[in-house]
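The structure appears right after this line, and notes come after that.
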Amino acid sequence: MFQRKEGDNAMPDALGHFGPYGGRYVAETLMSALDELTRVYEDALDDQSFQVDFQNELTHYVGRPSPLYEAKRLSQEVGPARIFLKREDLNHTGAHKINNTIGQALLAVRMGKRRIIAETGAGQHGVATATVAARLGAACTVYMGATDIERQKPNVYRMKMLGAHVEAVNSGSKTLKDAMNEAMRDWVTNIDTTHYIIGSVAGPHPYPAMVRDFQAVIGEECRAQCLAQIDRLPDLLVACVGGGSNAMGLFYPFLEDANVKMIGVEAAGEGMDTMRHAAPLNGGTPGVLHGANTYLMTDEDGLILDTHSISAGLDYPGVGPEHAYLKDRGRVEYVAITDDEALAAFRTLCSTEGIVPALESSHALAQAIKVSSQLDVGDVIVVNLSGRGDKDLETVAQLDGELL
Amino acid sequence: MSRISTTFQQLRAANEKAFVAFITAGDPEVDASVPAMHSLAAHGADIIELGVPFTDPEADGPSIQRSSERAIANGVTLRKTCEIVTEFRASNTTTPVVLMGYLNPILAIGVEAFAHLAHAAGIDGLIIVNLPPEEADSLAAALAKFEIDLIFLVAPTTPAARMANLANKSTGFIYYVSFKGITGADHLDVEDVQHHVLELKTTSNTPVAVGFGIKTAEHAKAVAKIADAVVVGSALVDILGNGESRFDQLKAIQAFTQSIKQAITSH
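Just so you know, the protein sequences line up as chains E and S, in that order.
Going by the numbering used here, the letters in the first sequence line up with residues -17 to 386, in that order.
Going by the numbering used here, the letters in the second sequence line up with residues 1069 to 1335, in that order.
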């Protein structure tokens, strides 16, 4: 576990840089806490007992390994490639997010911090954080944009049931980015007692590398499962990218497998030719937000633009800095899928496989369906089914003109 | 010598402390800023700190967040902020003006191009909340060509060795953040500030300004006993935001500015 790469993939450097991206662009008050977190995290990487604790939690609490499932009816319908789903939706709490929250919560315990805060968009990371806080008996506050609270009500109530305080954020665009601003304001105020569990491979160093390492279990399992189930590596990996943690977790263990292609799928919202999207790698420029240098959705004056996606978890103007680096290197291809395409894929998976995917993951599915027809018979695509879609039923029902 | 250094030298010679007055550029209206800056300078502000509006002011409390949102709604950008300084400089060539904000608007213009722009506008220094020295080399070099000061922040959580490094790299003055928190919060602990500032002053001769959460003449007076300068922001921003008319705003600013300057002078 937590294998370090060499050469071009030996990222980040000591200051958290992935090539020109990443780094640590934060208020001075946070610098010592980030140093402490980096130290504790690096110690944990070398500590056998931490590894054992983490693995035990993943096995007995999360229910790992998650299956690698061949979606045969889906493949038949969209063919000719074979589509496999990495079933992160079957994890406890219904998404990949818990891999990271468990890792960071164990680090918080090591640091003696008994209060945990988080930002959340779709609510999946908020639920995963509230869950581990309950499991460890820690106090928990989750910041969530008022707009997201409205469209993800079931998750808001889940967090409350788990004992977390959900703080509505009414500033700015009232979505994920504003929740992150507010979480950073809380952290700077309560830095002595509080650990901030960032939910993606975003934010200042060490978060992008640390969250990737905790999520890399997805790719490590997937790689071993491919070798066991089909006796070879897959031809293509596809994952959705908001901040990009499920994609980084799947991709990272395959980076040195030159024959494995990778596609990261951003949210094209109402279309890349409109301004109503959330695809910084496809339609943005490099800049600095939330502690890192990375691709952002900004205007010509450097102000951050409001984004749009039907999926709250992808509705974010930035992206993890390692994705920015992998894009520039050409190792991963980044594309964008519209709201409508994602919805169609959502319905297709429901009807062909009896699996309700998250709208976030539906973006990756839509891309897999799109490219499947261009591949050869027997080619293998693995889609990271990063979360389940129960939380999205209200959104989809409304589009169908039904009220739940 | 830069306007900032000259100002501190003159104040030191007179055994006085500096009042650094913060307002957000273009708030509450675009054309409110230049009259407000002149009023501040006329009634006791020694340095004017002009906040550059940003969509995601992650270190700021509600007062400055709202002022930033108002300014953005007024179409105020970093370029527009530079124009405001240019207009101010037409009739004031002595009061130092420091911009305070976040990094991305500068990157959007480009570090070199911005340094030219800032110099042409008559800007004397920059405080970039989310730019620690580790990431500041290229901006520091571009600004140094024009003798524009890059002012770093020191926090209560900054360890001693790092404090010395920050003090060493900061030019013009050092900005000491008075508590763990966001601008305008209510947990100023004067004794704690005095303790840290004394420590900071043993590491360098660069003047130390203290800001975040200083709202009253009483606070200002206590902090000025130890620090070289006192920054007041959120309280001024609230006065500007609450004024019914331009006349009310300027009258209130005048009275508040005089009270702060008087408090820090009569220690």
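Each residue gets a CB set at the ideal place from its N, CA and C atoms; glycine is no exception.
When Asn1233/S, Val1291/S, Leu1118/S are compared against Val1261/S, the one with the closest alpha-carbon: Of Asn1233/S, Val1291/S, Leu1118/S, the residue nearest in Cα terms is Val1291/S.
Whole-angstrom distance between Ala221/E and Ala306/E, CA atom to CA atom: Approximately 15 Å, taken between the alpha carbons.
Consult DSSP for Met400/E and reduce its assignment to one of helix, strand or coil. What is shown of chain E runs -17 to 386, which leaves residue 400/E out entirely.
Closer than 7 Å between beta carbons: that is the criterion. Which residues of the segment 1129 to 1141 of chain S meet it against chain E? Against chain E - using a Cβ distance shorter than 7 Å - the residues of the segment 1129 to 1141 of chain S are Gln1133, Ile1140.
Would you check if there are 3 or more beta carbon pairs closer than 8 Å linking the segment 335 to 351 of chain E to the segment 283 to 300 of chain E? Short answer: they touch.
Is there contact here, the segment 130 to 138 of chain E with the segment 316 to 336 of chain E, by at least three beta-carbon pairs under 8 Å? These segments do not touch.
Suppose contacts are defined by Cβ-Cβ distances below 8 Å. Is Thr1282/S in contact with Val1300/S by that definition? Checking the sequence, you will find Ile at residue 1282/S rather than Thr. It is a contact, given that the beta carbons lie within the stated cut-off.
Does the beta-carbon of Leu1266/S have 16 or more other beta-carbons within 10 angstroms, so that it is buried, or is it exposed? Exposed: under 16 other Cβ atoms inside 10 Å.
In DSSP terms, what Thr267/E is bridged to: Paired residue(s): Leu278/E.
From the DSSP output, in three-state form, read off Lys1248/S for me. Here Lys1248/S sits in coil by DSSP.
Alpha carbon to alpha carbon, what distance is there between Gly1094/S and Pro1121/S? Using only the alpha carbons, I get a separation of about 8 Å.
Kindly indicate if chain S contains any beta-carbon less than 8 Å away from that of Ala9/E. Closer than 8 Å to some Cβ of chain S, the Cβ of Ala9/E qualifies, so yes.
Distance between Asn275/E and Pro2/E (C-alpha atoms, nearest Å): Pro2/E and Asn275/E: Cα-Cα distance of roughly 8 Å.
Is the beta carbon of Met126/E sitting closer than 8 Å to the one on Gly108/E? Closer than 8 Å, so yes.
Cut-off 6 Å between Cβ atoms - residues of its own chain near Asp239/E, not counting five sequence neighbours on either side: The answer, listed in chain order, is Leu215.
If I'm right that Leu1234/S touches Phe1220/S with Cβ under 8 Å, what's the distance once you round it to whole angstroms? Between Leu1234/S and Phe1220/S a beta carbon distance of about 5 Å is seen, short of the 8 Å cut, so the two are scored as contacting.
Ala221/E, DSSP secondary structure in three states: Three-state result, Ala221/E: strand.
To the nearest angstrom, how far is the alpha carbon of Phe196/E from that of Glu203/E? Approximately 13 Å, taken between the alpha carbons.
Ignoring anything shorter than 4 residues, give me the alpha helix (DSSP H) runs that lie fully in the segment 1136 to 1172 of chain S, in order along the chain. You should have 1146 to 1157.
Check whether the segment 1081 to 1101 of chain S touches the segment 1131 to 1147 of chain S, taking contact to mean three or more Cβ pairs, one atom from each stretch, closer than 8 Å. As far as the Cβ criterion goes, the segment 1081 to 1101 of chain S touches the segment 1131 to 1147 of chain S, which means the pair count is three or higher.
From the beta carbon of Thr1325/S, is the nearest beta carbon of chain E less than 8 Å away? Chain E contact via Cβ: absent.
Assumed close pair Ile200/E, Asn228/E - CB separation to whole angstroms, cut-off 8 Å: Correct: roughly 7 Å between the Cβ atoms.
Cutoff 8 Å: Arg1314/S Cβ touching any chain E Cβ: Chain E, which has no Cβ nearer than 8 Å to the Cβ of Arg1314/S, makes this no.
Excluding the 5 residues preceding and the 5 following Ser1159/S in the sequence, name in chain order all residues of the same chain whose CB lies nearer than 8 Å to its CB. For Ser1159/S, same chain residues with a beta-carbon under 8 Å away, outside a window of 5 residues either side, are His1106 in chain order.
In the DSSP assignment, find the unbroken beta strand (DSSP E) run with Asn228/E in it and report its ends. Element bounds for Asn228/E: not the beta strand (DSSP E) but the alpha helix (DSSP H), 227 to 233.
Within the same chain, show all residues whose beta-carbon is closer than 6 Å to that of Ala53/E, passing over the 5 residues directly before and after it, in chain order. Ile65, Leu67, Glu335.
Go to Ile1115/S, then tell me how far its beta strand (DSSP E) extends in each direction, as first and last residue. From DSSP, the beta strand (DSSP E) with Ile1115/S extends over 1115 to 1119.
Based on Cα-Cα distance, which residue from Arg46/E, His290/E, Thr377/E, Ala63/E lies nearest to Lys159/E? Of the listed residues, the one whose Cα sits closest to Lys159/E is His290/E.
Under 8 Å between beta-carbons, which chain E residues line up against Asp1124/S? List them in chain order, please. Those within 8 Å of Asp1124/S in chain E are Gly154, Lys159, Asp160, Asn163, Leu271, His272, Ile286.
In the DSSP assignment, find the alpha helix (DSSP H) that holds Ala116/E and state where it starts and stops. Here the alpha helix (DSSP H) through Ala116/E covers 106 to 118.
Please identify, using Cβ separations under 8 Å, the residues of the segment 1101 to 1115 of chain S that lie next to chain E, in order along the chain. Nothing from the segment 1101 to 1115 of chain S brings a Cβ to less than 8 Å from some Cβ of chain E.
Which residues in chain S sit within 9 Å of Ser14/E, going by Cβ to Cβ distance? Those are Ala1223, Thr1225, Thr1226, Pro1227, Arg1230, listed as they occur along chain S.
Please classify Glu101/E: is it buried, with 16 or more other beta-carbons within 10 angstroms of its beta-carbon, or exposed? That one is buried.
Nearest residue (CA-CA) to Ala161/E, options Asp130/E, Val138/E, His187/E, Gln349/E: Relative to Ala161/E, the option among Asp130/E, Val138/E, His187/E, Gln349/E whose CA is nearest is Asp130/E.
Skipping 5 residues on each side, what residues in its chain have a beta carbon closer than 8 Å to that of Glu164/E? Taken in chain order, the residues that qualify are Glu101, Tyr125, Glu149, Val151, Ser153.
Between the CA atoms of Arg117/E and Arg140/E - distance to the nearest angstrom: Distance between the alpha carbons of Arg140/E and Arg117/E: 14 Å.
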